[in-house]
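Using our numbering, the first residue of the sequence shown is number 7, and each one after it goes up by one. Here is the structure we will look at, set down as structure tokens.
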Amino acid sequence: MIACGEDDSIPKSYDVIVVGAGSMGMSAGYELAARGARTLLIDAFDPPHANGSHHGEPRLIRHAYHGGDTYVKMALRADERWLALEQATGQKLLERSGVLNMAETSFYNYEGRLDDAVANGVQVELLRASEINRRFPGITLPDTFQGMYEPNAGYLYSERCVAAYKQQAIAAGAELLVNSAVTHIQAAPSSVTVHTKDASYTAPQIIITVGAWFKMLSDHVSLPIRAVRKVVGWFETNSPAFDAGRFPGFTWGGAAGGYYGFPSINGAGIKIGRHDTGVEWSPGDKLAPFGAYPEDEEDIRRALDAFVPGAAGKLLQSAVCKYEFTPDEDFIIDTHPEHDHVLLAGGFSGHGFKFASAVGEILADKLEKKAAGYELGLFELSRFAKSL
């Protein structure tokens, strides 16, 4: 998809082109346009849409994060920027429901995450299973579990967030080309030309953030990204104890798998999904609907039965989306190995949405050669040097 050479046509020119206007791309497009760059955003669909990783809201946002200090600092910065977007648009984007992380003691130890959180001023509590059962009616954990509660965490209305960034990007002067799949990207020494079926566009710099469609670049840059079909379900509850305002967002993990979920928002039912596992997907493949596999419902219902049986009622609705995993589940934010004016952002591995507001800023800073406020080495492609 990325080829070298000159293009004889005369495409319309911009300062920056962003290919992929989903969570990360729309945030970056807004940031660049707000800084005065003539910015073009191109998307194969019309965001927000149901073809990527941002639909089926909400999404968790927490700051006491696994993976080290960089993630904690990025989460805190992302929180600031989501609040700024709320203020700019007048839309409610973030709910501070609190987030309760639960795990088998033999499976996960929260001490390391606690240290990074405390060092960055994040309020957290470590809780025994008995304390969790007492403080959060509806949860039934055995003594082999422990938890970490973050009261200032919560969830984001993901589709609303993308729509808000879309509104702000256009207001800042960005152009948005929707329902226009990119057919070819051509990199010259000092410019990049992007071709769609109908036209061509050029800029000295480009950001490619195409989510699960990164596999389309495999002929030209070998990114170790694996796209996976994921499912979520909303289940009827038997008590208002599970309602938003009373019940937290949550994660639950152990030998049986890793799950995440949300309280019942406006009577929609508790939402739950599984982070690990999933059927691999490739661009061009049909995405099987919920229920195509018996485990779609069975798997997540089994988790509800285990720790919130009162929320394991009738399946009220469902959704299917995609994750794009890297081998280590850390992101890729780096320049193309052969073209330093091509910036790649992908592999957000099912935990990236909360960071989208900060990632947009990071991408704009990288194009402007500005230093980030945190160490970004863990996102570089060089960590995969042996496999690329």
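We treat Cβ as the ideally placed atom computed from N, Cα and C, and that holds for glycine. All values derive from a computational prediction rather than experimental measurement.
Outcome for residue i when other beta-carbon atoms lying within 10 angstroms are tallied against a minimum of 16
i	result
Asn185	exposed
Arg140	exposed
Leu373	buried
Glu304	exposed
Gly375	The question names Gly, but residue 375 is Lys in the sequence shown. Lys375 should be labelled exposed.
Pro289	exposed
Glu156	buried
Ser388	exposed
Gly118	exposed
Gly353	buried
Glu37	buried
Gly11	Low per-residue confidence applies at Gly11: pLDDT is 44, beneath 50, and the placement is therefore not dependable, though the value from the model is reported in the following sentence. By the 10 Å Cβ count, Gly11 comes out exposed.
Asp52	exposed
Ala35	A small fix is needed here, since residue 35 is Gly in this sequence, not Ala. Flag for Gly35 reads buried.
Thr215	buried
DSSP beta-bridge partners of residue i
i	result
Ser183	Strictly speaking, residue 183 in this sequence is Leu, with Ser absent from that position. In DSSP, Leu183 forms a bridge with Ile48.
Asn158	According to DSSP, which records beta bridges pairwise, Asn158 is partnered with nothing at all.
Leu349	Ile213 and Thr341
Met108	Gly153 and Trp258
Arg232	Phe331
Glu286	Val234
Arg134	Gln152
Gln93	Gln93 pairs with nothing; no bridge assigned.
Ala194	Ser197
Arg65	Leu162
Phe248	Phe248 pairs with nothing; no bridge assigned.
Cβ-based neighbour list, residue i, same chain, cut-off 7 angstroms, excluding 5 preceding and 5 following
i	result
Tyr380	Thr76, Lys79 and Met80
Ala62	Strictly speaking, residue 62 in this sequence is Gly, with Ala absent from that position. Around Gly62: Val238, Ala325 and Cys327.
Pro54	His60, His61, Glu165, Val168 and Ala169
Phe220	Leu229, Ile231, Glu330 and Gly352
Asp85	Ile67 and His69
Ser270	Thr243, Phe248, Asp249, Ala250 and Ile276
CB-CB length for residue i against residue j, believed under 8 angstroms
i	j	result
Ser329	Gly297	Per the sequence shown, the amino acid found at residue 329 is Tyr instead of Ser. About 19 angstroms separates the two Cβ atoms, so there is no contact after all.
Arg102	Gly58	The pair is not a contact, with the Cβ atoms about 26 angstroms apart (cut-off 8 angstroms).
Phe256	Met32	With 8 angstroms as the limit, Phe256 and Met32 do not qualify as a contact, their Cβ atoms being about 28 angstroms apart.
Gly275	Leu322	4 angstroms
Pro230	Pro64	Contact flag wrong, Cβ pair sits at about 29 angstroms.
Gly28	Gly217	6 angstroms
Ser197	Thr208	5 angstroms
Leu162	Leu99	6 angstroms
Glu367	Arg87	7 angstroms
Val39	Ala233	Checking the sequence, you will find Ala at residue 39 rather than Val. Contact doesn't hold; Cβ gap of about 29 angstroms is too wide.
Contact set for residue i: own chain, Cβ-Cβ below 8 angstroms, skip 5 residues either direction
i	result
Leu120	Ala70, Val130, Leu132 and Met154
Thr202	Ile48, Leu183, Ser186, Ala187, Val188 and Thr189
Gly104	Tyr155, Glu156, Pro157, Asn158, Ala159, Gly160, Pro254 and Gly255
Arg41	Ala370 and Glu374
Tyr299	Val285
Ala180	Gly35, Tyr36, Leu38, Ala39, Thr45, Leu46 and Leu47
Residue of the options minimising C-alpha distance to residue i
i	options	result
Gly260	Arg252, Pro53 and Arg280	Arg280
Ala170	Phe390, Lys236 and Glu92	Glu92
Ala318	Ile271, Phe248, Ala362 and Leu293	Phe248
Phe359	Val24, Lys18 and Met30	Met30
Pro17	Leu106, Pro210 and Lys98	Pro210
Ala50	Ala34, Ile278 and Val24	Val24
Phe313	Gly144, Lys172 and Gly179	Gly144
Glu386	Ser19, His342 and Ser363	His342
Cutoff 6 angstroms; reference residue i; Cβ partners in own chain excluding five residues on either side
i	result
Ala43	Asp21 and Val22
Lys236	Gly284, Cys327 and Tyr329
His345	Ala193
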